[in-house]
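Quick note: the sequence shown, position 212, residue 212 per full-length UniProt numbering, numbers continuous.
C-beta: ideal position from N, C-alpha, C; glycine also.
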Amino acid sequence: MSANNKPSDSHSLVLPWKTRISVTALSAVTDFFRRSDGTVNRHILSLLDVKASPNPNPVKGVKSSDIMVDPSRNLWFRLFVPTDTDTTASASLPVVIFFHGGGFTYLSPSSFAYDAVCRRFARKLPAVVISVNYRLSPEHRYPSQYDDGFDVIQYLDRSELNQLPDFADLSKCFLAGDSAGANLAHNVAIRASREGFRFRVVKIVGLISIQPFFGGEETTDSEIRLRKSPIVSLERTDWLWKAFLPEGSDKDHEAVNVSGPNAVDISGLEYPETVVFVGGFDPLQDRQRSYYEWLKKSGKQARLIEYPNMMHAFYVFPELPESSQLIAQVKDFVSHKCKTFNSQL
1 MSANNKPSDS
11 HSLVLPWKTR
21 ISVTALSAVT
31 DFFRRSDGTV
41 NRHILSLLDV
51 KASPNPNPVK
61 GVKSSDIMVD
71 PSRNLWFRLF
81 VPTDTDTTAS
91 ASLPVVIFFH
101 GGGFTYLSPS
111 SFAYDAVCRR
121 FARKLPAVVI
131 SVNYRLSPEH
141 RYPSQYDDGF
151 DVIQYLDRSE
161 LNQLPDFADL
171 SKCFLAGDSA
181 GANLAHNVAI
191 RASREGFRFR
201 VVKIVGLISI
211 QPFFGGEETT
221 DSEIRLRKSP
231 IVSLERTDWL
241 WKAFLPEGSD
251 KDHEAVNVSG
261 PNAVDISGLE
271 YPETVVFVGG
281 FDPLQDRQRS
291 YYEWLKKSGK
301 QARLIEYPNM
311 MHAFYVFPEL
321 PESSQLIAQV
331 KDFVSHKCKT
341 FNSQL
């Protein structure tokens, strides 16, 4: 939605000091704890991943709880429920199924930044938000993460089990995620479109793709031009794909290069309407635009919203004005889809 797709080469990324310190620290931590043999120091990394506990008593109009789906693989989700009386007095609220970022290797729904993001979504949209704790690579490679995402939705489809509030409307479900979580949301959407759900309680009506993590064997212009960017440099993303993919696979795998030579044909699927967010200082931007164009060519409804002066994962930093702007645009997308859905009943 921006006329300027790329930042000028003469411009540099401008961030408040607080954000710059956080980004530098995040990049340093992920670099330090990933090993050359494809493993991570999970124990020490967990000590630095600041966690937020669920709160059964509302904090700033949102309460949360953790719900176990399958203890054998530690598959659970954090449920965020808005408690404002004006909000809960409405007949129903949409459900947002959220997948966190972290290159399939880092973080969780209880990580402080993602707990805070989901609280904001629950309060601002408003919506019932489900943040999925999926298995991480390299301990669990493809397709473990996609299996976990799909299985949580199957669990929700069994309405007698899901423990959601009565005003959570599973017929108005949105898949959402940022970075690797947006990749996960895309692949879960394909599987849901192919297989459906046994009890037909869940209906996915939209997909919110925030700076999705995609790749490919051929390096793009933005990956070269922004190769030293924070968080998602070429060196980091190459390591993450090797940790995620099955042994012997390359980055043209259908899960990575989703619009590339091995892309899944979605033209005949009921793939949900999608909004794609792109940052002008994100090395992945060319792939994200290709994804948007591929959705359109496949006959799917899609919208592209650009932030020319923003980096990868900018929206998790609430001190940035663009963070609130993105959440407002997500609210507009969800509200529009819900109104359209209601008018068709």
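I need the boundaries of the beta strand (DSSP E) containing F80, first residue and last residue.
L75 to P82
Got a sec, what are the start and stop residues for the alpha helix (DSSP H) S22 sits in?
W17 to F33
With DSSP as the reference, identify every bridge partner of I208, one or two as the case may be.
A176 and V275
Look at V128 and L93 and say whether their C-beta atoms are less than 7 angstroms apart.
yes
Quick check: what's the CA-CA separation for S64 versus F341?
27 angstroms
Work out the CA separation of P71 and V276 for me, nearest whole Å.
33 angstroms
Give a yes or no on whether the C-beta atoms belonging to S137 and C118 are separated by under 7 angstroms.
no
Are at least three pairs of beta-carbons, each pair with one atom in the region 257-267 and one in the region 214-227, less than 8 angstroms apart?
yes
Closest to K228 by CA distance: which of D166, A91, M311 and A182 is it?
M311
Label S12 either buried or exposed according to how many other C-beta atoms from any shown protein chain fall within 10 Å of its C-beta, with 16 as the threshold for buried.
exposed
According to the neighbour-count rule (16 or more other Cβ atoms, all chains shown, within 10 Å of its Cβ), is R158 buried or exposed?
exposed
Roughly how many angstroms separate the alpha carbons of S53 and K331, rounded to a whole number?
26 angstroms
Helix, strand or coil: how does DSSP classify S131 here?
strand
Neighbourhood of S110 by C-beta, 7 angstroms cutoff - its chain only, sequence neighbours within 5 removed:
K51, A52 and R78
Measure the beta-carbon distance from F213 to L164 and round it to whole angstroms, keeping in mind my assumption that it falls under 8 angstroms.
F213 to L164, Cβ: 28 angstroms. No contact.
Can you find the residues in the same chain that come closer than 6 angstroms, C-beta to C-beta, to K337, ignoring five residues on each side of it along the sequence?
V205 and G206
Taking DSSP's pairing of strands, which residues face F121 in a bridge?
According to DSSP, which records beta bridges pairwise, F121 is partnered with nothing at all.
Could you have a look at D158 and say whether DSSP puts it in helix, strand or coil?
First, the amino acid is wrong: residue 158 is Arg here, not Asp. Three-state result, R158: coil.
Using the Cβ count rule (16 or more neighbours within 10 Å means buried), how would you classify N257?
buried
Rounded straight-line distance, which links the Cα of V201 to that of K172
10 angstroms
So, I97 versus L175, is the Cβ gap smaller than 7 angstroms?
yes
Specify the secondary structure class of N4 as computed by DSSP and reduced to three states.
Reliability fails at N4, whose pLDDT of 42 lies under 50, so the model's placement of it is uncertain and no value is given.
Answer with buried or exposed for A113, where buried requires no fewer than 16 other C-beta atoms within 10 angstroms of its C-beta.
buried
Give the secondary structure of E306 by DSSP, where H, G and I count as helix, E and B as strand, and everything else as coil.
strand
Cα-Cα separation between R194 and L48, rounded to whole angstroms
39 angstroms
Of the choices S343, G149 and Y315, whose alpha-carbon is the least far from that of T19?
Y315
Cα separation between Q344 and A122?
25 angstroms
Let me know if F32 comes out buried or exposed under the rule of 16 or more other beta-carbons within 10 Å of its beta-carbon.
exposed
Please report how far the alpha carbon of G103 lies from the alpha carbon of A182, in whole angstroms.
10 angstroms
With distance defined between alpha-carbon atoms, name the residue in L107, E273 and A313 nearest to H43.
L107
Along the chain, where does the alpha helix (DSSP H) containing D337 start, and where does it finish?
Correcting the residue type first, residue 337 is Lys in the shown sequence and not Asp. Residues P321 to S343.
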